[in-house]
């Protein structure tokens, strides 16, 4: 049965403890009874309104949607035993509910423990399965590695076997070729052995013919005048030598070219005398040959920049580049390029070889030994400079203790000037090298003369070298072995 009460939908449900408690005639007493029982007093809507009017409950008021009143007499009275029984039932239900909750909690904990155990077992099973899979993978990789190693070893064995077979085959082929070659050589030997006399005669005839041809051509070249057209053709076609200098031939064509282009210039260098042009050309060729040999020995090379710089200096001393070019062209028929490649080149080469020659202590070993002795004595006692100069110096100032007096700074050569400017009074220089001597100087005083020029009072110890470059070059030219093939 459904009844609407104050807008609330109420549904009939089974009777409970609070539904069986009686309603007292006094609402306050009924409230105490139900409060003692721990339940709210159920009232119908009409009884509630009656209480609000100050009336009392009746039997009809107790009839509600929960059933008839518990006491048919219509009177309400207090029953403690019944209340205690109901309280006991309530406690029992509460304890039952707590027990059920405890059991439910224990069941839940058991389920959680079982779930954890199951999860742990599952994880252990998965780990064991992973371990087994890893072991299987390792075993598979090991099998694969072994198979690869075995395959690699088999391939290597096959390669070695093939290599041995190739070596064997190559050895067989070499042996076969060697045998075939020996057979051919033997056949050729037999052939020449059978025809040795004929070949000897043929070879001798060829050699005789070649000697005759060369002799005839040589006779034509060396006996006829140099201006002969046949001679010109032969010497330009074939490398006939005109002269041999220290075992090195000089071609006839180079000699003729030198004579044609440079004889006048060489004559002018000789001072304009009526000199023998052939002799001048021969001497120049010997000189150039010696310079080339020295350049190779000292590792000296000349580049284009050095040649052009030397030509500019040469032209400046001759009055200008244009004037020099006009002069060599008008007087000697030479172009600038020819002049640079011949005259300037060998001048620069000689100067460069000269600088290298001066620095070559091997050529001046005696002088360097004497100088080393003097330097060692000076190192012990620098104040004994005059005594050492009198004893060891080799120039004209030795008797005066090496005293050369006051020397103008601007009159000194570059090496001496550089050394003197860096020395204070009483100091001794390092070894100074020049072309034909070594020397050590000591500064005694400095002063400024009337012309405001600096003068330095010097004393020096001079050791002459075994050679100067010009003497060395002249010695080489004098000792040169020259074999002239032409007149």
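Numbering (this note's numbering), first residue to last: 12 to 498. Idealized CB from N, CA, C, for every residue including glycine.
What are the start and end residues of the beta strand (DSSP E) that includes residue i?
{"i": "residue 235", "result": "Here residue 235 belongs to no beta strand (DSSP E), and DSSP marks it neither H nor E."}
{"i": "residue 260", "result": "259 to 262"}
{"i": "residue 307", "result": "It is not in any beta strand (DSSP E) - residue 307 instead sits in the alpha helix (DSSP H) that spans 288 to 309."}
{"i": "residue 473", "result": "465 to 475"}
{"i": "residue 458", "result": "448 to 459"}
{"i": "residue 3", "result": "No answer is possible for residue 3: it lies beyond the span of the chain, which begins at 12 and ends at 498."}
{"i": "residue 419", "result": "414 to 419"}
{"i": "residue 255", "result": "252 to 256"}
{"i": "residue 355", "result": "Residue 355 -> no beta strand (DSSP E), and no H or E assigned at all."}
{"i": "residue 493", "result": "493 to 495"}
May I have the straight-line CA-CA distance separating residue i from residue j, to the nearest angstrom?
{"i": "residue 271", "j": "residue 335", "result": "20 Å"}
{"i": "residue 339", "j": "residue 350", "result": "8 Å"}
{"i": "residue 100", "j": "residue 117", "result": "25 Å"}
{"i": "residue 494", "j": "residue 227", "result": "20 Å"}
{"i": "residue 290", "j": "residue 463", "result": "53 Å"}
{"i": "residue 285", "j": "residue 274", "result": "Residue placement at residue 285 is poorly supported in this model, since its pLDDT is 46, which falls under 50; the coordinates still yield a value, given next. Straight-line Cα distance between these residues: approximately 12 Å."}
{"i": "residue 417", "j": "residue 313", "result": "40 Å"}
{"i": "residue 246", "j": "residue 322", "result": "32 Å"}
{"i": "residue 428", "j": "residue 420", "result": "6 Å"}
{"i": "residue 333", "j": "residue 294", "result": "30 Å"}
{"i": "residue 151", "j": "residue 136", "result": "22 Å"}
{"i": "residue 147", "j": "residue 167", "result": "30 Å"}
{"i": "residue 320", "j": "residue 276", "result": "22 Å"}
{"i": "residue 257", "j": "residue 305", "result": "13 Å"}
{"i": "residue 188", "j": "residue 174", "result": "20 Å"}
{"i": "residue 184", "j": "residue 145", "result": "57 Å"}
{"i": "residue 347", "j": "residue 480", "result": "29 Å"}
{"i": "residue 163", "j": "residue 155", "result": "12 Å"}
{"i": "residue 406", "j": "residue 441", "result": "18 Å"}
{"i": "residue 460", "j": "residue 384", "result": "37 Å"}
{"i": "residue 212", "j": "residue 197", "result": "22 Å"}
{"i": "residue 172", "j": "residue 153", "result": "28 Å"}
{"i": "residue 224", "j": "residue 486", "result": "40 Å"}
{"i": "residue 337", "j": "residue 468", "result": "49 Å"}
{"i": "residue 176", "j": "residue 169", "result": "10 Å"}
{"i": "residue 124", "j": "residue 142", "result": "26 Å"}
{"i": "residue 217", "j": "residue 250", "result": "21 Å"}
{"i": "residue 114", "j": "residue 130", "result": "23 Å"}
{"i": "residue 241", "j": "residue 326", "result": "40 Å"}
{"i": "residue 127", "j": "residue 139", "result": "18 Å"}
{"i": "residue 254", "j": "residue 206", "result": "42 Å"}
{"i": "residue 499", "j": "residue 98", "result": "This structure does not reach residue 499, given that the chain is present from 12 up to 498, and the question cannot be answered."}
{"i": "residue 344", "j": "residue 433", "result": "51 Å"}
{"i": "residue 90", "j": "residue 102", "result": "19 Å"}
{"i": "residue 96", "j": "residue 107", "result": "16 Å"}
{"i": "residue 133", "j": "residue 122", "result": "16 Å"}
Which residue's Cα is closest to the Cα of residue i: the options?
{"i": "residue 415", "options": "384, 443 and 466", "result": "466"}
{"i": "residue 278", "options": "319, 307, 236 and 342", "result": "342"}
{"i": "residue 248", "options": "492, 259, 232 and 331", "result": "232"}
{"i": "residue 324", "options": "255, 314 and 358", "result": "358"}
{"i": "residue 498", "options": "234, 476, 365 and 317", "result": "234"}
{"i": "residue 451", "options": "124, 386 and 401", "result": "386"}
{"i": "residue 448", "options": "434, 433 and 476", "result": "476"}
{"i": "residue 397", "options": "198, 455 and 383", "result": "455"}
{"i": "residue 381", "options": "161, 391, 404 and 366", "result": "404"}
{"i": "residue 239", "options": "353, 223 and 264", "result": "264"}
{"i": "residue 309", "options": "352, 366 and 328", "result": "366"}
Which two residues bound the contiguous alpha helix (DSSP H) that contains residue i?
{"i": "residue 326", "result": "315 to 328"}
{"i": "residue 400", "result": "396 to 403"}
{"i": "residue 177", "result": "91 to 205"}
{"i": "residue 336", "result": "332 to 343"}
{"i": "residue 488", "result": "480 to 490"}
{"i": "residue 431", "result": "425 to 432"}
Less than 8 Å between the beta carbons of residue i and residue j, yes or no?
{"i": "residue 252", "j": "residue 496", "result": "yes"}
{"i": "residue 443", "j": "residue 430", "result": "yes"}
{"i": "residue 439", "j": "residue 388", "result": "no"}
{"i": "residue 266", "j": "residue 368", "result": "no"}
{"i": "residue 410", "j": "residue 364", "result": "no"}
{"i": "residue 393", "j": "residue 356", "result": "no"}
{"i": "residue 201", "j": "residue 261", "result": "no"}
{"i": "residue 400", "j": "residue 470", "result": "yes"}
Just to check my reading of the structure: residue i and residue j have Cβ atoms closer than 8 Å, yes? What is that Cβ distance to the nearest angstrom?
{"i": "residue 491", "j": "residue 311", "result": "Going by Cβ atoms, the distance from residue 491 to residue 311 rounds to 19 Å, so no, they are not a contact pair."}
{"i": "residue 436", "j": "residue 457", "result": "7 Å"}
{"i": "residue 413", "j": "residue 474", "result": "Rounded, the Cβ-Cβ distance is 12 Å, inconsistent with contact."}
{"i": "residue 203", "j": "residue 192", "result": "Not confirmed; about 16 Å, so no contact."}
{"i": "residue 316", "j": "residue 292", "result": "So it is not a contact: roughly 30 Å between Cβ atoms."}
Does any heavy atom of the ligand SAH sit closer than 7 Å to the C-beta of residue i?
{"i": "residue 190", "result": "Inclusion of the ligand SAH in the displayed structure is not the case, the ligand content being empty and no account of it being possible."}
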